[in-house]
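Input: a single structure, listed below in structure tokens.
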Amino acid sequence: MHFSLLAARGGMGGFVSSMIRTFIQIVIYQICIGFIMEIFGVNQWVAMFIFLGILLGLGLVTYIIRQRMAPGVED
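Below, the structure is given as structure tokens:
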């Protein structure tokens, strides 16, 4: 019985924390897109694609660095 109470509480806490995390991510993304719009003077769609390109580039650089540091290890 004690385990089921902890599981129920953890399930609700997990839902609330994931909602807060999602909200924070959306706010941060909107701030970044807003800055790109302001700096480059483009509309929101173009700024979003620039932002996604930046994220893709960072992911590619991270992947390349991981492969060079540990070529035999894959996630």
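According to the working numbering, the stretch in the sequence shown is residues -12 to 62, in order. Here a beta-carbon is modelled for each residue, glycine too, at the ideal position from N, C-alpha and C.
Classification of residue i by the beta-carbon crowding that lies within 10 angstroms, buried from 16 upward
i           : result
residue 8   : exposed
residue 57  : exposed
residue 20  : buried
residue 13  : exposed
residue -10 : For residue -10, the predicted model reports a pLDDT of 48, less than 50, meaning its position is unreliable and no value from the coordinates is stated.
First and last residue of the uninterrupted alpha helix (DSSP H) at residue i
i          : result
residue 33 : 31 to 56
8 Å contact criterion, which residue i and residue j should meet: CB distance rounded
i          : j          : result
residue 23 : residue 38 : 6 Å
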